[in-house]
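Trainee: Can you read through this structure? Questions will come right after.
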């Protein structure tokens with residue numbers, strides 16, 4: 179069964195945190211960390227990011243959960259660490275994950291590490307915690323409601339199942355943005371994608387003409403990219419459609435799709451799409467969440483009002 183995402187079209191209220199945000203949060207709260215920890219242990223994979231930062235700032239040995247179980251540390255190179263491992267006494271360990279949602283994973287983690295309590299004095303820490311779950315850890319830095327987005331796992335969360343995604347996000351890179359012709363050449367040669375989301379993409383959209391629909395779908399299948407809907411351009415004159423035509427096409431689809439978020443590659447397109455749709459757009463070229471202006475959001479609500487009213491009367 180697919181994990182449900184909190185419903186509600188007002189994703190503009192979603193909090194977004196980047197790697198830079200988390201780093202700043204940790205740096206500004208270093209005084210919250212007791213000075214007697216011997217080891218920092220990160221929970222793979224997302225927890226390794228804050229754990230690494232904390233270990234660096236506090237100059238402590240770093241490991242992951244399996245390393246903790248097997249007395250294995252990550253090599254620190256030539257850097258002299260502030261603390262060492264003591265064989266004669268309990269080592270104080272700070273176990274770090276990136277966040278707590280509903281608390282299920284942290285409870286499982288504590289159970290999995292319960293056999294180590296004779297060997298280690300273990301404390302638990304997360305940068306971000308859902309309000310009401312603070313008592314599950316010893317150190318937390320910021321309360322964030324469940325409706326949140328993190329840069330480090332945004333393409334690998336269940337949110338992608340309720341999102342519109344421009345297909346070129348799968349093949350573009352920071353050094354190369356493909357044209358339609360280059361994209362068709364890419365899939366004709368069956369080259370692999372640069373990015374493969376973990377979960378099924380809800381709405382995969384492309385400006386490639388509809389006659390190539392089967393070809394695109396075959397390429398996606400060849401590389402195990404799962405999707406619910408593949409939307410190709412069926413507009414008249416599709417071969418010569420402009421960038422603005424495509425943005426309008428995507429905006430109309432996004433507004434009526436029920437999707438919570440849309441993913442774009444370049445900032446110009448992301449900003450334009452957010453303005454036209456009145457909904458949030460995530461830009462992958464700079465990892466920025468573009469939120470619609472108040473005016474754009476109001477326009478979106480007015481556009482949707484007749485549809486919402488029709489649905490309410492239809493249920494009576």
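Residue numbers (this note's numbering): 179 to 494. Note that the Cβ used here is the ideal one computed from N, Cα and C, for glycine as well.
Please tell me whether, using a cut-off of 6 Å, the distance from the CB of residue 282 to the nearest non-hydrogen atom of the ligand PLP is below it.
Mentor: Of the ligands one can find in the structure shown there are none, so the ligand PLP has no counterpart to examine.
Trainee: Below 8 Å on the Cβ atoms is my guess for residue 407 versus residue 382; work out the distance and round it to an integer in Å.
Mentor: Locating residue 407 in the chain shown gives position 229, where the first residue counts as 1. Locating residue 382 in the chain shown gives position 204, where the first residue counts as 1. Yes, they are in contact, since the Cβ atoms of residue 407 and residue 382 sit about 7 Å apart, within 8 Å.
Trainee: So, for residue 447: in the same chain, excluding its five sequence neighbours on each side, which residues have a beta-carbon less than 7 Å away from its beta-carbon?
Mentor: In the chain shown, residue 447 corresponds to position 269, counting from 1. Excluding positions up to five away in sequence, the list reads 425.
Trainee: Is the CB-CB distance between residue 308 and residue 278 below 7 Å?
Mentor: Here residue 308 refers to the residue found at position 130 of the chain shown. Here residue 278 refers to the residue found at position 100 of the chain shown. Yes, these two residues count as a Cβ contact at 7 Å.
Trainee: Going by DSSP, what residue range makes up the alpha helix (DSSP H) through residue 431?
Mentor: Stepping through the chain shown from its first residue, residue 431 is reached at position 253. Its alpha helix (DSSP H) spans residues 421 to 435.
Trainee: Going along the chain, which residues of its own chain have a beta-carbon closer than 6 Å to the beta-carbon of residue 449, five neighbours each way excluded?
Mentor: In the chain shown, residue 449 corresponds to position 271, counting from 1. These residues qualify, in order along the chain: 468.
Trainee: With a Cβ-Cβ cutoff of 7 Å, do residue 224 and residue 330 count as a contact?
Mentor: Position 46 of the chain shown, counted from the first residue, corresponds to residue 224. Position 152 of the chain shown, counted from the first residue, corresponds to residue 330. Against a cut-off of 7 Å, the Cβ pair of residue 330 and residue 224 comes out as a contact.
Trainee: Could you tell me which of 354, 394 and 246 sits nearest to residue 290, measuring between CA atoms?
Mentor: Within the chain shown, numbered from 1, the residue matching residue 290 stands at position 112. Comparing Cα-Cα distances from residue 290 to each of 354, 394 and 246, the minimum goes to 246.
Trainee: Label residue 457 either buried or exposed according to how many other C-beta atoms from any shown protein chain fall within 10 Å of its C-beta, with 16 as the threshold for buried.
Mentor: On the chain shown, residue 457 is found 279 positions in, with the first residue counted as 1. Residue 457 should be labelled buried.
Trainee: Tell me the rounded alpha-carbon separation between residue 314 and residue 459.
Mentor: Position 136 of the chain shown, counting from 1, holds the residue named residue 314. Position 281 of the chain shown, counting from 1, holds the residue named residue 459. Near 33 Å, if we compare the C-alpha coordinates of residue 459 and residue 314.
Trainee: Check for me: the beta strand (DSSP E) holding residue 274 runs from which residue to which?
Mentor: Taking the first residue of the chain shown as 1, we reach residue 274 at position 96. Its beta strand (DSSP E) spans residues 269 to 274.
Trainee: Would residue 173 be called buried (16 or more neighbouring beta carbons within 10 Å of its own) or exposed?
Mentor: The chain is shown only over 179 to 494; residue 173 falls outside these bounds and no answer can be derived.
Trainee: So which of 375, 218 and 317 has the shortest CA-CA distance to residue 332?
Mentor: In the chain shown, the residue the question calls residue 332 occupies position 154. Nearest of 375, 218 and 317 to residue 332, Cα basis: 375.
Trainee: For my contact list, residue 235 and residue 273 are in at a C-beta cut-off of 8 Å; report their separation, rounded to the angstrom.
Mentor: Indexing the chain shown from 1 puts residue 235 at position 57. Indexing the chain shown from 1 puts residue 273 at position 95. No, residue 235 and residue 273 are not in contact; Cβ-Cβ is about 17 Å, not under 8 Å.
Trainee: Which first and last residues belong to the beta strand (DSSP E) in which residue 245 is found?
Mentor: Position 67 of the chain shown holds residue 245. Segment 243 to 247 is the alpha helix (DSSP H) holding residue 245; no beta strand (DSSP E) there.
Trainee: On the criterion of 16 or more Cβ atoms from any shown chain inside 10 Å, does residue 411 qualify as buried, or is it exposed?
Mentor: For this step, residue 411 is matched to residue 233 along the chain shown. Burial call: buried.
Trainee: Quick one: give me the first and last residue of the beta strand (DSSP E) that residue 326 is part of.
Mentor: In the chain shown, residue 326 corresponds to position 148, counting from 1. Unbroken beta strand (DSSP E) run through residue 326: 326 to 328.
Trainee: Determine, for residue 293, whether the minimum Cβ-Cβ distance to residues of chain C falls below 7 Å.
Mentor: Checking the listed chains, one finds no chain C in this structure; it contains a single protein chain.
Trainee: What beta strand (DSSP E) runs, 3 residues minimum, are completely inside the segment 346 to 414?
Mentor: The segment 346 to 414 contains these whole beta strand (DSSP E) runs: 379 to 387 and 405 to 411.
Trainee: Please go through the same chain and pick out, in chain order, the residues whose beta-carbon is closer than 6 Å to the beta-carbon of residue 302, but skip the five residues on each side of it.
Mentor: For the purposes of this step, residue 302 is taken as residue 124 along the chain shown, with counting starting at 1. Answer for residue 302: 273, 315 and 316, listed in chain order.
Trainee: Could you tell me the boundaries of the beta strand (DSSP E) in which residue 221 lies?
Mentor: Against the chain shown, residue 221 aligns to sequence position 43. Unbroken run through residue 221: none, as it is neither H nor E.
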